[in-house]
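Add 7 to the 1-based position in the sequence shown for this note's numbering, that's all there is to it.
Just so you know, even glycine gets a beta-carbon here, dropped at the ideal spot from N, CA and C.
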Amino acid sequence: MNSPWLNVPLADYEGHMALPGIEQAQLLSDIFSSALAQFSPRSVAVIGCAGGNGFDRIPPAISRVVGVDLNPRFVAETEARFKDKISNLELMVGDIQSHEVAFAPVDLIFLGLVLEYVNVESVIPRMPSMLTASGHMVTVLQLPTVGDQQVSPSPFTSVQPLGEVIHLVPPVRLQSSAEAQGFVQLESRNVVSKGGKQFQVQVFAMPPNPAVNTDAAR
């Protein structure tokens, strides 16, 4: 695979995401932490884990953490940072669009600013098999901002080629794709970064199975 993501040093990516006026790393960490507090999952998967942004906010009660990223250097750094802090850490290198990347079901899947770089209609159908029956999928999409580039200018020039492959995903398109797989959208809210860019946070779940009518079986 010849993806520009493979050419971005982690230090450049993290430096770019943390720049004053961008500050998207903190935004994603906050959204992730909020989802953990809201749903209290026992297991979680972060697709596009980069260097483990937000992993420091995972509580000890979570017994299993899965991290997936396309860039092997990102995954190696995540392992170095968290292998001694998270007891059951599963890390894998690969493209979430590929069936070669799969993991046992978790209670929460987090996709923060990932769907802009993949085919949504290829990725979302794979999510139900990797989610427990009562689990949740939390996504963060970048929204169009009038007058702004999709990838903000910064001194970290290695991230600029990402602007050639990013494709913003309308929240309604994501909702439609998720609902086609049986998901129900529980929440959709707009958030604004300190840099002024807008993002949409959406929460999905599978509907509960109909209760068995035990009286009818008697």
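Counting along the chain, E97 sits inside the beta strand (DSSP E) bounded by residues L96 to V100. Comparing alpha carbon positions, the residue from E194, R80, A212 and S70 closest to S94 is S70. Restricting attention to beta strand (DSSP E) runs no shorter than 3 residues, the segment 43-108 encloses them at 50-54, 71-76 and 96-100, ordered along the chain. Three or more beta-carbon pairs separated by less than 8 Å are not found between the segment 40-55 and the segment 17-30, which leaves the two stretches without contact. Residue pairing by DSSP places I116 opposite A52 and M144 in a beta bridge. Look at S165 here: in three-state DSSP terms it is helix. As computed with DSSP, V208 is found in a beta bridge with V147 and R196.
The residues F62, G74, V75, D76, F81, V82, T85 and L98, in chain order, have a CB closer than 8 Å to that of C56 in the same chain once the five nearest residues on each side in sequence are set aside. For V166, the CB contacts under 7 Å within the same chain, skipping 5 residues up- and downstream, are V15, D19, Y20, H23 and V158 in chain order.
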